[in-house]
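Report on one structure; see the data block that follows.
2 protein chains.
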Amino acid sequence: QGNRDLVLRYELTFKLAKAFAQNKNISLPFKRYEIGKVFRDGPVKKARLREFTQCDIDTIGIKSAYADAEFMAITFDVFSKLGIEVFVKVNNRKLLFGIFKESGVEKEKFVSVALSLDKLDKIGKEGVKKELEQKIEKEQMEKIFSIIEESEKLNNNEEKLEYFKKVLNNEIAKEGIKELEEFFYYVKIFQNKEKWEIALSPFLARGLGYYTGLIWEVYTKNFSSALAAGGRWDNLIQKYLDSKIEYPATGMSFGLDAIFAILPKEQEESKIVYIIPLQKEQVKKAIEVASILRKRNIFCDIAFDKKITKALEYANKKKIKYCIIIGKEEEKKGVVKLKNMQDGSERFLEISQLENSFV
Amino acid sequence: QGNRDLVLRYELTFKLAKAFAQNKNISLPFKRYEIGKVFRDGPVKKARLREFTQCDIDTIGIKSAYADAEFMAITFDVFSKLGIEVFVKVNNRKLLFGIFKESGVEKEKFVSVALSLDKLDKIGKEGVKKELEQKIEKEQMEKIFSIIEESEKLNNNEEKLEYFKKVLNNEIAKEGIKELEEFFYYVKIFQNKEKWEIALSPFLARGLGYYTGLIWEVYTKNFSSALAAGGRWDNLIQKYLDSKIEYPATGMSFGLDAIFAILPKEQEESKIVYIIPLQKEQVKKAIEVASILRKRNIFCDIAFDKKITKALEYANKKKIKYCIIIGKEEEKKGVVKLKNMQDGSERFLEISQLENSFV
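Protein chains in written order, with our numbering: chain A, 1 to 359; chain B, 1001 to 1359.
Here you go:
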């Protein structure tokens, strides 16, 4: 997971930086999304490439946490449309680095320590501590854990931020706290009356070296992988271009594999309305009905050249909810028979009534 | 173009055949579409791979021309939604092979002769004739051209089919004509009252060896490349699986590069509504307005942290049609100023009136 995310975001960054190099006078802010297949090394690290679908959104050119908060609006909007209830864990790299600094860790080790902390879910607290002992003093490590664990006893984001303000007395921590406060300020506005669950999670580190400020991961209950994740990456484009201009940026990736894994398993095909002409003579009427439904964006298909028993068998196999049956009698009367496949009920409808019969 | 199409359709076929090999009990008919990035050799035939977006639709398991006619419904529906007026050239490989047979060409040479004919647009009639002289007798070649050119003097598809019925007296030609008649029969039903331009074009050959029956290409006026193309490929899956079961199939590809090349050049960004808060205090109101518009699927963005002059400059550069300006006065009165960027007119609206102000 971490590795995939890494490849994914680096590829993106390369592409974006290239786009900026080629289009110097691109207007800022620049907002973009991309969905497409890319290749990456497989999880078993074999030499072969493996295809997966990448889905990214980025905003470039806005320094304010306003941009980060807008990503929360995107996040909750997208997952609400998918029918998945999610919660977001946020942290800020500067807050995290401030905690490291407060614990006496040297600046050069900040990113490396963060990458170890990021493994908490995978290798557990003891695993992380073991790894950190190779990198920093045991005392420093214990201090980091004690500061963060103390904060986790608090009830809400405001209390946590107040606590950090009290215990952290270095510039980078203060900057991180200020950014988080601005973030929550804009989140409140974007959120308006909606219910968003966003929790400050100071152990959250994200596996990428280039994040500079806010970072977040999106989860749903009873599923361990993050469904989406993102963060602020303010320095990368500037570094890549070796430019004097700043390119503040925020971006996120959706983990389509994880999302598809938890989406309701209902088959696409169960949504179609299956139109069954009893004889070849009714195919014409069936096509007319299909054209009407398709104009209304109602998925449908025709049981072309299928006996009624075979057609109903197919409909049952595909868990299709509605069949429209058209025989000689129906055609003569200018009606169709609508069969509800779930309760077996049937009723006759005029074609004009059909459009509104499918929920 | 030909080469791209070749790679594209072969890759697809491989994938589909594999899908069938792995899912023996897949229900027929099986209808699928796929849009995604794939790699192909570049047009300069360098060793490097080049990415392009592939867009395919296939129906597997329907032998009747009903399935082919349904592709015409898809074609005209898609391009009408894109605002591109198209016409379709159709032919049938069996008709074409029947013409070859009638001209005395040996069966083994049918596909090869068809591939030469397919180059008509690229290398012209003389070029094709030169190429064909290497493959078949000059007399045979002249006969092919005379049969087809005679048909092209006729006014409509019915007359052409009647003509071919008269001059072609072999089984394969008869089969092709029968398939074309069935195709036009179903086209008429699908077409209903819409205006579709579909012309039987006996020179049309398509650059692929595996087409077995109907073939078609989609064009628009004043643009030489096909925007989409397809055909029936009844034998391939069966051959691939070495199966006794028939897998009749029809499929088409959309040429996204060609389609994007002729789509109206209007930039995506010109469609957004640009919300300009005059001071930082109005950002909150701007976000509220944005949330309302976005819920209505109206694209919008906020000129965050931009002076009004810069914001209007940006809007002009992006050819944005509407700006919503919110200042202290507007906020107090609970209204916004809607500025039409094309005629410069401004009017004040209540937020509830906004949703319906953008066409």
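Just so you know, even glycine gets a beta-carbon here, dropped at the ideal spot from N, CA and C.
Query, Result
"C-beta contact flag for Q1140 of chain B and S1103 of chain B at 7 Å", "yes"
"Neighbourhood of G176 of chain A by C-beta distance below 6 Å, restricted to the same chain and skipping five residues each side", "N92, K94, L95 and G98"
"Buried versus exposed call for I1245 of chain B [16 or more other C-beta atoms within 10 Å across all chains shown]", "exposed"
"Residue closest to N222 of chain A, alpha-carbon to alpha-carbon, out of A:I215, A:Q191, A:L236 and A:I84", "A:I84"
"Residues near E1194 of chain B in its chain [Cβ-Cβ closer than 7 Å; skip 5 each side]", "F1076"
"CB contact check: F369 of chain A to chain B, cutoff 7 Å", "Nothing can be reported for residue 369 of chain A, as the shown portion of chain A is limited to 1 through 359."
"Cutoff 7 Å: I287 of chain A Cβ touching any chain B Cβ", "yes"
"Residues of the region 1012–1026 of chain B with Cβ closer than 7 Å to any Cβ of chain A, in chain order", "none"
"DSSP state of R1232 of chain B mapped onto helix, strand, coil", "strand"
"Beta carbon of A1286 of chain B nearer than 7 Å to that of I1326 of chain B", "yes"
"Burial state of K1188 of chain B (16 or more Cβ within 10 Å)", "exposed"
"From B:Y1247, B:E1313, B:T1212 and B:V1218, residue whose alpha carbon lies closest to that of A1114 of chain B", "B:T1212"
"For F348 of chain A, the residue or residues it bridges with in DSSP", "A:K337"
"Limits of the beta strand (DSSP E) - the one that S27 of chain A falls within", "Careful: S27 of chain A lies outside any beta strand (DSSP E) and carries neither H nor E."
"Beta-carbon proximity of V105 of chain A to I136 of chain A, cut-off 7 Å", "yes"
"Endpoints, the beta strand (DSSP E) within which S253 of chain A is located", "A249 to F254"
"For S27 of chain A and I1320 of chain B, the rounded distance between their alpha carbons", "13 Å"
"Minimum C-alpha distance to D1121 of chain B - residue among B:D1056, B:S1201, B:E1171 and B:K1174", "B:S1201"
"Opening and closing residue of the beta strand (DSSP E) in which Y274 of chain A lies", "V273 to P277"
"Beta-bridge pairing of V88 of chain A - partner residues as DSSP gives them", "A:I198 and A:V218"
"Backbone secondary structure at I74 of chain A - three-state DSSP", "helix"
"At least three beta-carbon pairs within less than 8 Å, the region 1280–1300 of chain B to the region 1239–1255 of chain B", "no"
"Residues of its chain near L1117 of chain B, where Cβ-Cβ distance is below 7 Å and the 5 sequence neighbours each way are ignored", "V1128, F1203 and A1205"
"Within-7 Å CB hit, N316 of chain A to chain B", "no"
"Residue(s) in a DSSP beta bridge with Y1322 of chain B", "B:V1273 and B:N1340"
"Spatial distance of Q342 of chain A from N1170 of chain B (CA atoms)", "52 Å"
"Residue-chain proximity (K1284 of chain B, chain A), Cβ-Cβ < 7 Å", "yes"
"Start and end residues, beta strand (DSSP E) containing I302 of chain A", "C300 to I302"
"Residue burial classification, E1070 of chain B (beta-carbon count within 10 angstroms, cutoff 16)", "buried"
"Residue range of the alpha helix (DSSP H) that includes K1101 of chain B", "R1093 to E1102"
"7 Å Cβ cutoff met for E1269 of chain B and K1306 of chain B", "no"
"Cut-off 8 Å between Cβ atoms - residues of its own chain near K332 of chain A, not counting five sequence neighbours on either side", "none"
"Residues bridged to T59 of chain A (per DSSP)", "A:K31 and A:T250"
"Short-range partners of chain A found in the region 1057–1082 of chain B, where Cβ spacing is below 9 Å", "I1062, K1063, S1064, Y1066, A1067, A1069, E1070, A1073 and D1077"
"Under the three-state DSSP convention, the category N192 of chain A falls into", "coil"
"Between the CA atoms of F1110 of chain B and I1123 of chain B - distance to the nearest angstrom", "20 Å"
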